[in-house]
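Novice: I'd like to ask some things about the structure below.
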Amino acid sequence: MAKAKGKKGSGGGVNSHVRARINYLYKAATYLQSTKPTTRETVRAVKKTQEDEVMSDSARIVPPISVNGSTTGDRAQYHPQLARMCISQMRGVSQKSQLRLPIEQKRSFCKRCDTLLISGENCTEELRNTSRGARKPWAEIRVVRCNGCGTEKRFPQTAKRSRKLSDRKQDSKPANKADSMNQT
């Protein structure tokens with residue numbers, strides 16, 4: 001007998017632990033990619049201000065900072081390689097479990113080098129419309145180019161589709177009947 005499938009939109013479900021793992025890996029990659037790098041000068045400046053705080057208030061405990069900048073208390077360092085590893089694992093988990101990634105997550109990383117794409121930092125975004133001198137506004141495409149590997153992702157920027165013709169005719173029929181009754 002086959003396993004019972006989970007219902008869509010339910011809180012738990014068959015693959016809730018896999019979804020939780022995918023979300024955790026995505027959030028970890030976002031956190032590791034978004035923190036700014038610390039240089040030796042900034043580490044020295046933070047260390048000096050912490051020493052001043054310790055001297056002014058002896059009851060306050062300040063987390064230590066190493067000279068090479070490997071730890072800055074409870075703040076994470078800039079680790080793009082760890083972020084790439086998290087994205088790679090997230091993709092592997094979703095492929096092995098045959099679960100689709102949410103579209104926001106899927107569009108936020110480079111498929112070629114597994115880099116989390118942050119606009120202005122490691123990718124460039126532009127709108128292109130190559131239709132006869134940009135005469136067709138519905139043909140706009142958002143192009144996201146990864147600065148690491150040069151891969152381009154293209155997303156159509158169309159307006160929402162109009163309703164089906166049959167739906168539009170149904171909406172117009174009651175209005176026409178009301179108009180004809182008002183005229184008589």
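Residue numbering for the sequence shown is 1 to 184, as defined by UniProt numbering. Just so it is clear, CB atoms sit at the ideal spot from N, CA and C, and this is done for glycine as well.
1) Using 8 angstroms as the Cβ pair cut-off and three pairs as the minimum, do the segment 77 to 95 and the segment 18 to 32 touch?
2) Should C149 go down as buried or exposed, given a rule of 16 or more other Cβ atoms within 10 Å for buried?
3) Taking the beta strand (DSSP E) that E125 belongs to, which residues open and close that run?
4) For the structure I just gave you, are there three or more beta carbon pairs, one from the segment 139 to 154 and one from the segment 101 to 116, closer than 8 angstroms?
5) Round the Cβ separation of V144 and L116 to the nearest angstrom and send it over; I've been treating them as touching at under 8 angstroms.
6) So, do the segment 17 to 24 and the segment 87 to 101 have three or more beta carbon pairs nearer to each other than 8 angstroms?
7) Does DSSP classify P102 as helix, strand or coil?
8) Which word fits Y24, buried or exposed, when buried means at least 16 other C-beta atoms lie within 10 angstroms of its C-beta?
9) Leaving out five residues before and five after Q157 in sequence, what residues of the same chain have Cβ atoms less than 8 angstroms from its Cβ?
10) Just the Cα atoms here: how many angstroms apart are K164 and W138?
11) With C146 and C113 assumed to form a contact (beta carbons below 8 angstroms), what rounded beta-carbon distance in angstroms separates them?
12) Looking at the unbroken beta strand (DSSP E) that takes in K143, where does it start and where does it end?
13) Rounded to a whole number of angstroms, what is the C-alpha to C-alpha distance between K27 and S131?
14) Would I22 and S88 qualify as a contact pair, given that the criterion is a beta-carbon distance under 8 angstroms?
15) For the alpha helix (DSSP H) holding R84, just list the boundary residues, first then last.
Specialist: Let's see:
1) The segment 77 to 95 is in contact with the segment 18 to 32.
2) The residue is exposed, with fewer than 16 neighbouring Cβ atoms inside 10 Å.
3) Where E125 is concerned, the enclosing beta strand (DSSP E) stretches over 123 to 128.
4) A contact exists between the segment 139 to 154 and the segment 101 to 116.
5) Not really, about 12 angstroms apart at Cβ, beyond 8 angstroms.
6) Yes: the two stretches touch, three or more of their Cβ pairs being nearer than 8 angstroms.
7) The answer is coil: DSSP assigns P102 none of H, G, I, E or B.
8) Exposed, by the Cβ-count rule.
9) Shown here for Q157: same chain residues with a beta carbon closer than 8 angstroms to its own, the five before and five after excluded, namely L127, E140, I141, R142 in chain order.
10) Taking the CA atoms as reference points, K164 sits about 18 angstroms from W138.
11) Contact holds; Cβ gap of about 7 angstroms.
12) A small correction: the amino acid at residue 143 is Val; Lys does not occupy that position in the sequence shown. Going by DSSP, V143 is part of the beta strand (DSSP E) stretching over 141 to 146.
13) Each residue's alpha carbon lies about 38 angstroms from the other.
14) Their beta carbons are not under 8 angstroms apart, which means I22 does not touch S88 by this criterion.
15) R84: member of the alpha helix (DSSP H) spanning 80 to 96, first to last residue.
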